[in-house]
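Numbered according to UniProt numbering, the sequence shown spans residues 1 to 279. Idealized CB from N, CA, C, for every residue including glycine.
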Amino acid sequence: MLRAYPISVIKKFGHANIFMLLDATECFAEIASMKTVNAILYSAYKHNSTMKWLVGCDPIGTVWDDSITDGYPGSISDPVETAVTKILYQIPFGFAVEVDKGFLIENQCAPLGVVCIRPMKLLEKQQQQSKADVALTQKVGKTRIAIEQANGQMKAKTPFFDGKIRIHQLALADLIFRASYLMTNFCLPFIQERDDVKSSKGRPCNAEIRYYGASDEGLVDVRPMIQLWGNTMEIARWRELRADKSKEKLTDTEISELVLEEDWPSKLLKDHKKKCKSD
């Protein structure tokens with residue numbers, strides 16, 4: 001992800017720590033004849049029976065198998081589904097998840113050392129947001145388009161979800177949803193503020209960028225820019241290795257790769273969990 005990170009996101013937030021854009025996707029389901037089943041499937045948000053999935057993508061819209069949860073009945077809330085599916089475990093310690101206003105998952109993020117970037121709702125009797133809250137809302141709104149576009153692409157190209165999911169097809173819907181979402185990786189990445197320079201070779205898809213080393217206009221390799229993504233320990237280790245005379249022939253990118261191999265986020269997460277338990 002660090003090898004091809006959108007410049008527009010760095011400009012808006014000043015860092016390259018956003019690892020996942022998280023959203024819930026609901027698809028209508030058939031109304032069950034049994035009242036107990038119908039009560040479980042009923043979504044207060046959609047005012048209908050639904051199945052709900054959580055999907056996370058990177059800042060250009062790429063999804064991966066573990067970033068797509070199993071489907072749950074529409075009655076489940078976003079925070080509960082987030083906790084049950086453990087989707088936040090995909091995010092390295094110190095990195096961030098970006099969500100919408102109603103996604104109240106700070107309590108799930110804190111024990112994992114994950115930063116939750118969420119626009120603030122207006123408080124009771126509050127008529128106007130502060131400038132900082134307005135600015136954050138605008139930043140999130142512009143960068144979250146990647147996950148919203150992925151949602152739209154998946155539904156537009158999967159006729160199965162045009163109608164209501166039949167009760168006896170709920171298990172099948174799970175498989176179709178996952179496969180359909182993974183297929184969006186063969187669409188073009190969503191990169192804001194890019195120069196639409198036409199190339200005879202064409203633009204690479206999400207999968208080619210993330211898994212086969214391609215890049216695109218508007219993306220930058222931030223690996224050598226440790227200050228944009230590194231935590232305190234990683235930055236200290238990077239400087240230590242950079243000052244090592246035996247490694248003076250290595251590039252900044254190669255030094256960063258050595259730091260990444262040491263997996264400091266996992267080490268820091270263990271320490272963080274110990275502190276949380278002691279507190």
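Inset, instruction - Taking 8 Å as the threshold, find out whether the segment 161 to 175 comes into contact with the segment 68 to 84 through three or more Cβ pairs. - result: Touching, yes.
Inset, instruction - Can you tell me which of the three DSSP states Glu-193 falls into? - result: By one-based count along the sequence shown, residue 193 stands at place 193. Glu-193: coil per DSSP, three-state reduction.
Inset, instruction - Out of Arg-194, Phe-186, Val-220, point me to the one whose CA is closest to Pro-204's CA. - result: Here residue 204 corresponds to residue number 204 of the sequence shown, with the count starting at 1. Selected option, being the one with the closest Cα: Phe-186.
Inset, instruction - Could you say if the segment 10 to 18 and the segment 34 to 51 meet the contact criterion of at least three C-beta pairs nearer than 8 Å? - result: Put simply, the segment 10 to 18 does not touch the segment 34 to 51. Fewer than three CB pairs are less than 8 Å apart.
Inset, instruction - Given a cut-off of 9 Å, decide if Lys-155 and Lys-12 are closer than it, judged by their beta-carbon atoms. - result: Here residue 12 corresponds to residue number 12 of the sequence shown, with the count starting at 1. Here residue 155 corresponds to residue number 155 of the sequence shown, with the count starting at 1. It is not a contact, given that the beta carbons lie outside the stated cut-off.
Inset, instruction - Pick helix, strand or coil for Gly-71, following the three-state DSSP scheme. - result: Walking along the sequence shown from the start, residue 71 turns up at place 71. Annotated three-state conformation of Gly-71 is coil, per DSSP.
Inset, instruction - Return the first residue and the last residue of the alpha helix (DSSP H) that Leu-41 is part of. - result: Sequence index remark: in the sequence shown, residue 41 carries index 41 (1-based). First-last of the alpha helix (DSSP H) with Leu-41: 35 to 41.
Inset, instruction - Helix, strand or coil for Ile-91, going by three-state DSSP, please let me know. - result: In the sequence shown, residue 91 corresponds to position 91, counting from 1. Residue state, collapsed to three classes: coil.
Inset, instruction - Check the C-beta distance from Leu-117 over to Ala-96 and give it rounded, since I have them as a contact under 8 Å. - result: Position 117 of the sequence shown, counting from 1, holds the residue named residue 117. Position 96 of the sequence shown, counting from 1, holds the residue named residue 96. The question names Leu, but residue 117 is Ile in the sequence shown. The beta-carbon distance between Ile-117 and Ala-96, rounded to whole angstroms, is 5 Å. This is short enough to meet the 8 Å contact definition.
Legend entry - Proximity winner among Phe-28, Lys-249, Ile-226, relative to Leu-170 (alpha-carbon distances): On the sequence shown, position 170 is the one that residue 170 refers to. Looking only at Phe-28, Lys-249, Ile-226, the smallest Cα-Cα distance to Leu-170 is reached by Phe-28.
Inset, instruction - Work out the CA separation of Leu-182 and Ala-32 for me, nearest whole Å. - result: The count along the sequence shown starts at 1 and reaches residue 32 at position 32. The count along the sequence shown starts at 1 and reaches residue 182 at position 182. Cα to Cα, Ala-32 sits roughly 29 Å from Leu-182.
Inset, instruction - Note the first and the last residue of the continuous beta strand (DSSP E) segment covering Ile-147. - result: Position 147 of the sequence shown, counted from the start, is the residue given in the question as residue 147. Counting along the chain, Ile-147 falls outside any beta strand (DSSP E), though it belongs to the alpha helix (DSSP H) covering 145 to 156.
Legend entry - Cα-Cα separation, Ile-191 to Pro-111: Indexing the sequence shown from 1 puts residue 191 at position 191. Indexing the sequence shown from 1 puts residue 111 at position 111. Their backbone Cα atoms lie some 32 Å apart in a straight line.
Legend entry - Selected residue, minimal CA-CA separation from Gln-138, among Ala-83, Lys-121, Arg-166: Mapped onto the sequence shown, residue 138 falls at position 138. Ranking the options by Cα distance to Gln-138, first place goes to Lys-121.
Inset, instruction - In angstroms with no decimal places, state the Cα-to-Cα distance between Tyr-42 and Arg-178. - result: Residue mapping note: residue 42 aligns to position 42 of the sequence shown, counting from 1. Residue mapping note: residue 178 aligns to position 178 of the sequence shown, counting from 1. Annotation: Tyr-42 to Arg-178 spans about 22 Å, alpha carbon to alpha carbon.
Inset, instruction - Confirm, please, whether the CB-CB distance from Ala-146 to Gly-61 is below 9 Å. - result: Indexing the sequence shown from 1 puts residue 61 at position 61. Indexing the sequence shown from 1 puts residue 146 at position 146. In this structure, Gly-61 sits near Ala-146, with a CB-CB distance shorter than 9 Å.
Inset, instruction - Select from Gln-90, Arg-239, Ile-76, Ala-214 the residue whose C-alpha is nearest the C-alpha of Phe-103. - result: Along the sequence shown, one-based indexing puts residue 103 at 103. Closest option to Phe-103, Cα to Cα, is Ile-76.
Inset, instruction - For the beta strand (DSSP E) containing Glu-26, list its first residue and its last residue. - result: Mapped onto the sequence shown, residue 26 falls at position 26. 18 to 28 is the span of the beta strand (DSSP E), which, as asked, contains Glu-26.
Inset, instruction - With distances taken Cα to Cα, identify the nearest neighbour of Ile-167 among Asn-38, Ile-7, Leu-2, Ala-24. - result: Position 167 of the sequence shown, counted from the start, is the residue given in the question as residue 167. Minimum Cα distance to Ile-167 is reached at Asn-38.
Legend entry - Proximal residues to Gln-90 (C-beta, below 7 Å), its chain only, five neighbours per side dropped: Within the sequence shown, numbered from 1, the residue matching residue 90 stands at position 90. Contacts found: Met-20, Gly-56, Asp-66, Ser-67.
Inset, instruction - Would you mind giving the Cβ-Cβ distance between Asp-100 and Arg-144, rounded to the nearest angstrom? I have them listed as a contact below 8 Å. - result: For the purposes of this step, residue 100 is taken as the residue at position 100 of the sequence shown. For the purposes of this step, residue 144 is taken as the residue at position 144 of the sequence shown. Their Cβ separation, rounded to whole angstroms, is 7 Å, which keeps Asp-100 and Arg-144 in contact under 8 Å.
Inset, instruction - Please name the residue or residues paired with Ala-236 in a DSSP beta bridge. - result: Here residue 236 corresponds to residue number 236 of the sequence shown, with the count starting at 1. For Ala-236, DSSP assigns no beta-bridge partner whatsoever.
Inset, instruction - Compute the Euclidean distance between the alpha carbons of Ser-200 and Glu-262, then round it to the nearest angstrom. - result: Here residue 200 corresponds to residue number 200 of the sequence shown, with the count starting at 1. Here residue 262 corresponds to residue number 262 of the sequence shown, with the count starting at 1. Unreliable placement is indicated for Ser-200, whose pLDDT of 48 sits below 50; the coordinate value is still reported in the next sentence. Distance between the alpha carbons of Ser-200 and Glu-262: 40 Å.
Inset, instruction - Would you be able to state if there are at least three C-beta pairs under 8 Å between the segment 253 to 268 and the segment 234 to 245? - result: Yes: the two stretches touch, three or more of their Cβ pairs being nearer than 8 Å.
Legend entry - Member of Thr-36, Lys-273, Lys-131 whose CA lies at the smallest distance from the CA of Pro-119: Translated into the one-based positions of the sequence shown, residue 119 becomes position 119. Lys-131 is the residue among Thr-36, Lys-273, Lys-131 whose C-alpha sits nearest the C-alpha of Pro-119.
Legend entry - Glu-208 versus Thr-82: straight-line alpha-carbon distance, rounded: Here the question's residue 208 lines up with position 208 in the sequence shown. Here the question's residue 82 lines up with position 82 in the sequence shown. Approximately 29 Å, taken between the alpha carbons.
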